[in-house]
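For the sequence shown, position 280 (counting from the first letter as 1) is numbered 486 according to our numbering, and the numbering increases by one without interruption.
Quick notes on the structure that follows.
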Amino acid sequence: MLWAAAVGCGRDGAILSSILKVLRAVSFPHLVNIRTAGPAIMLAGMLMFALNDAMAKALVAHYGLGQVVVVRSMAALLILLPFLVRGGLAPVLSVERPWMQLARVVCSTVEIIAFYYAVSYLPLADVMTYWLAAPIYVAAAAPFLLGETIGWRRITAIVIGFAGVIVTLEPSRAMFSAPALISIIGSAAFAFMMLSGRSLRATPDKLLVLFQAAAALLGGLFFAPFDWVPIASATDLVMLGLLGIVAMAAHMLVNRALKISDAAAVAPLQYTLLLWAVLFGWLFFGDLPRTSMVIGAALIIGSGLFIFFREKRLNKTETVLPAVPE
């Protein structure tokens, strides 16, 4: 029903058709010459993430959090179903490190639910700033969880990054607000999801996305009975479905960009997501960035870039996915 509604709704159907073409392009790169287009693909992925986040903020203002997660997860699973059917159940049943896979999808589900809760109360740019701190959390936790060694330069960058989070929180007004604290919990969950992903390199991208969508569906079903609202129109149904489809397509674009280009050329482009968040927050919701958010974001981005290039120089870089929900 969701598929039929999406395809049969005129302009929305054209949007879905375009997304499917993107999916085919990034899933079957031999069909499209994208070998030299890594940065452009990364920028396109960031734009799609930002559009997806803006849609999410608009939808959670009218529909329940659990309901939004359920419908977007069902849409993503419907798109992924052909890949699963073609490959059979063998890849699913023989995945590496099942317990680590479970930990990863639990963190992913917490991150998604926290993100949707946060954007229902906070400006997009504020939420994105918290999520952009995830790579800093990764760098801080890696010595304890992965046994990695970090020097004083990266320790200094981590401290500055955490200072940026505190500045963004603006202690005088938001330190103990539920949305701000939920944002930090969500970004920390995303960081641990990235950490767990370091030990799951042999798992195909599509399987990782499949597991995330399935886990998010279960998480959404837990909350949905308490906040379900009748869907008002076919357009809203399409937008709910597009949340999952656009996010999945964006993840595939980002993964493709990271695979065909040097990480140093494309990974820093993840920070363009904040520019889109500021623009869409202003255009669609009338939100203007706070001074404390701008200062905090500058500290976080500067620290994140330093950590990335420092690890690159030491040949220890693990590619960091953009700090956005799946």
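Where is the CB? At the ideal position from N, CA and C, for every residue including glycine.
Please read these numbers as outputs of a predicted model, since none were measured by experiment.
Beta-carbon gap between residue i and residue j smaller than 8 Å
i    : j    : result
D195 : L330 : Here the chain covers residues 207 to 532 and nothing more, so residue 195 does not appear.
R519 : R360 : no
M399 : E317 : yes
S393 : A339 : yes
T374 : M499 : yes
L423 : S279 : yes
S509 : G367 : yes
L265 : L446 : yes
A262 : G450 : no
F417 : V291 : no
A347 : L308 : no
S389 : A324 : yes
A250 : L459 : yes
7 Å CB neighbourhood of residue i in its chain, flanking five on each side removed
i    : result
A267 : S326
F512 : A363
G502 : T335, G370, V371, V373, T374
V472 : G244, P245, M248, A463, L464
Q273 : A430, D433, W434, V435
F486 : A256, A260, L330
A419 : S279, A282, L283, L286, G450
Residues near residue i by beta carbon distance below 6 Å, same chain, minus five either side
i    : result
P391 : Reading the sequence as shown, one finds Ile at residue 391 and not Pro. These residues qualify, in order along the chain: A320.
G270 : D433, W434, V435
T497 : none
D411 : N461
Delimiting residues of the alpha helix (DSSP H) encompassing residue i
i    : result
W358 : 358-375
R462 : 440-466
S509 : 497-519
D411 : 411-433
A347 : 340-351
L406 : It is not in any alpha helix (DSSP H) - L406 carries neither H nor E in the DSSP assignment.
G492 : G492 -> no alpha helix (DSSP H), and no H or E assigned at all.
Neighbourhood of residue i by C-beta, 8 Å cutoff - its chain only, sequence neighbours within 5 removed
i    : result
V484 : L330, A331, P495
A421 : V311, V312, S314, T315
Y477 : L338, I507, G510, L511
M306 : S402, S405, L406
Is it true that the region 426-446 meets the region 240-255, where meeting means three or more beta-carbon pairs spaced less than 8 Å apart? With a cut-off of 8 Å, the region 240-255 and the region 426-446 do not count as touching, because too few Cβ pairs lie within range.
Run through the region 266-330 for me and flag every whole alpha helix (DSSP H) of 4 or more residues, listed as ranges in chain order. Fully enclosed alpha helix (DSSP H) runs of 4 or longer: 271-293, 296-299, 304-325.
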